[in-house]
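Per the UniProt record's numbering: the sequence shown ends with 103, consecutive numbering throughout. Note that the Cβ used here is the ideal one computed from N, Cα and C, for glycine as well. For clarity, every value in this text was computed on a predicted model and none was experimentally measured.
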Amino acid sequence: MDARIEDFCCKRKTNRYTMLMLYLITDVCINSAYLLMSYNQSYQKIMKRFMKELSALPAKQYIEAMYQNPKIYPQTRDAFIRCGLTPKTGTAERSVIKRRNPS
1 MDARIEDFCC
11 KRKTNRYTML
21 MLYLITDVCI
31 NSAYLLMSYN
41 QSYQKIMKRF
51 MKELSALPAK
61 QYIEAMYQNP
71 KIYPQTRDAF
81 IRCGLTPKTG
91 TAERSVIKRR
101 NPS
């Protein structure tokens, strides 16, 4: 961890002590997870790539849960499909039926 500090920390700008402590704890957790992954699984990715993948996991789970909402806007559903999120079985059929028969 003797590299530049911006490679190993999340970006933050806050004057609140509690948020600063949360960011510092997050930095320590990310660094520990990266070190464990690189040691245990011969993980060959760089730290920035690891941070992006780590931050994308909770977001992807939230998007998948949101995609299952039957009241989602058609534009949002189309954006999910463009981003590579495939619809589950039966979900796309319901949205097509709603578009044909508006009530």
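For the alpha helix (DSSP H) holding glutamine 75, just list the boundary residues, first then last. Here residue 75 refers to the residue found at position 75 of the sequence shown. It spans 74 to 82 - the alpha helix (DSSP H) in which glutamine 75 sits, taken as one unbroken run.
Assign asparagine 15 to one of three DSSP states: helix, strand, or coil. Residue mapping note: residue 15 aligns to position 15 of the sequence shown, counting from 1. Correct three-state label for asparagine 15: coil.
Reduced DSSP category for asparagine 69 - H, G, I as helix; E, B as strand; rest coil: Taking the first residue of the sequence shown as 1, we reach residue 69 at position 69. Asparagine 69: coil per DSSP, three-state reduction.
Can leucine 54 and isoleucine 30 be called in contact, C-beta distance under 8 Å? For the purposes of this step, residue 54 is taken as the residue at position 54 of the sequence shown. For the purposes of this step, residue 30 is taken as the residue at position 30 of the sequence shown. Against a cut-off of 8 Å, the Cβ pair of isoleucine 30 and leucine 54 comes out as a contact.
By the 10 Å Cβ neighbour count, where 16 or more other Cβ atoms means buried, how is methionine 51 classified, buried or exposed? Translated into the one-based positions of the sequence shown, residue 51 becomes position 51. Looking at its Cβ environment, which holds 16 or more other Cβ atoms inside 10 Å, methionine 51 is buried.
Taking the straight line between their C-alpha atoms, what separation do you get for lysine 71 and alanine 56? Residue 71 sits at position 71 when you count from the first residue of the sequence shown. Residue 56 sits at position 56 when you count from the first residue of the sequence shown. Computed Cα separation, rounded: 24 Å.
Should methionine 47 and tyrosine 39 be called a contact, given that it needs their Cβ atoms to be closer than 8 Å? Reading the sequence shown from its first residue, position 47 is the one you call residue 47. Reading the sequence shown from its first residue, position 39 is the one you call residue 39. Not closer than 8 Å, so no.
Any idea what DSSP makes of isoleucine 30, helix, strand or coil? For the purposes of this step, residue 30 is taken as residue 30 along the sequence shown, with counting starting at 1. Reduced to three states, the DSSP call for isoleucine 30 is helix.
Expressed to the nearest angstrom, what Euclidean distance is found between the alpha-carbon atoms of isoleucine 81 and methionine 37? Here the question's residue 81 lines up with position 81 in the sequence shown. Here the question's residue 37 lines up with position 37 in the sequence shown. Distance between the alpha carbons of isoleucine 81 and methionine 37: 31 Å.
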